[in-house]
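Below is one structure, written out as structure tokens; the observations come after it.
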Amino acid sequence: MFFNPLYFVFALPGLLLALWAQWKVRSAFSTYARVPTRRQVNGVETAKILMRNNGLTHIGIQGTPGQLTDHYDPRDKTINLSDSSAQNSVASVAVVAHELGHAQQDTENYGPLKLRGAIVPAVQVGGWVGPVLFLVGLLIGATELAWLGVLAFGLTTVFTLVTLPVEFDASNRAMRMLESSGVLIGDELVGARKVLDAAAWTYVAAALQSILTMLYYITLLGGMRRSQD
């Protein structure tokens, strides 16, 4: 019950993609973190330029410790910029523009972003309660309880799927803002797109891992039902 070799059949593809995605994003960021912008602006300065040019002056800017920990917080309308954003580089500019893409989504009430935010509380509970209910149901032969666990965990899968359009759209918004503002030009825009595309793969990997975990749970339940017939 506690170990099933079938798990690796479902887990391995998602794990490999996740490892590759992490390598890809760190490789892309590392490469373009060494490429300064022609306008000699860092991430923080970029944020101010893009906010002014795109009607986002109501957004606050805060620092947050670490590398690649940048994020937009819709609760207090702030972009939180990591230590790397103080660098003058194509990578830091791309990351900051992406977070402002989220700020623009929030300002425009972008549907997928609102949906993702609405299901966060349920996901936070279902993400850990679901597997527990599933395992308990499986161990005691309670199919209904196990299915309840699958449904609870399914909220996590929904979250990862909703996250995909949110992140891809934020990156597209970022590229449009960078190009229209002239913060990046020519091959700098190509580099920024490579950084953002690499980051997007981490969300694809998370969605795949969640889907495959769901399929694993469902497969086990199917076997459990057949054994009870």
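Residue 119 in numbering that gives the first Met the number 0 is what sits at position 120 of the sequence shown, and the numbering runs on without skipping anything. For glycine and all other residues, C-beta sits at the position ideal for the given N, C-alpha and C. The structure presented is a predicted model; accordingly, all values stated were derived computationally and were not measured.
Apply the 10 Å Cβ neighbour rule to Ser209 and answer buried if 16 or more other Cβ atoms are within range, or exposed otherwise.
buried
Got a sec? Which residues, its chain only, sit under 8 Å from Ala85 by beta carbon, not counting five neighbours each side?
Asn41, Gly42, Val43, Ser91
When you compare the CB positions of Ile118 and Leu154, do they come within less than 8 Å of one another, or not?
yes
Residues near Leu55 by beta carbon distance below 6 Å, same chain, minus five either side
Ala102
Rounded distance between the beta-carbons of Val24 and Ala198, thought under 8 Å:
5 Å
So, helix, strand or coil for Tyr71, using DSSP?
strand
Under 8 Å between the Cβ atoms of Leu241 and Ala93?
With the chain represented from 0 up to 228, any question about residue 241 goes unanswered, as that position is not in the structure.
Please state whether DSSP places Ile48 in a helix, a strand or coil.
helix
Taking the continuous beta strand (DSSP E) assigned at Gly62, which residues delimit it?
59–62
How would you label Asn3, buried or exposed, when you count the other beta carbons within 10 angstroms and need 16 or more for buried?
exposed
Status (buried if at least 16 other CB within 10 Å, exposed otherwise) for Gly62:
exposed
Report yes if the CB atom of Gly190 is closer than 8 Å to the CB atom of Val34, and no otherwise.
yes
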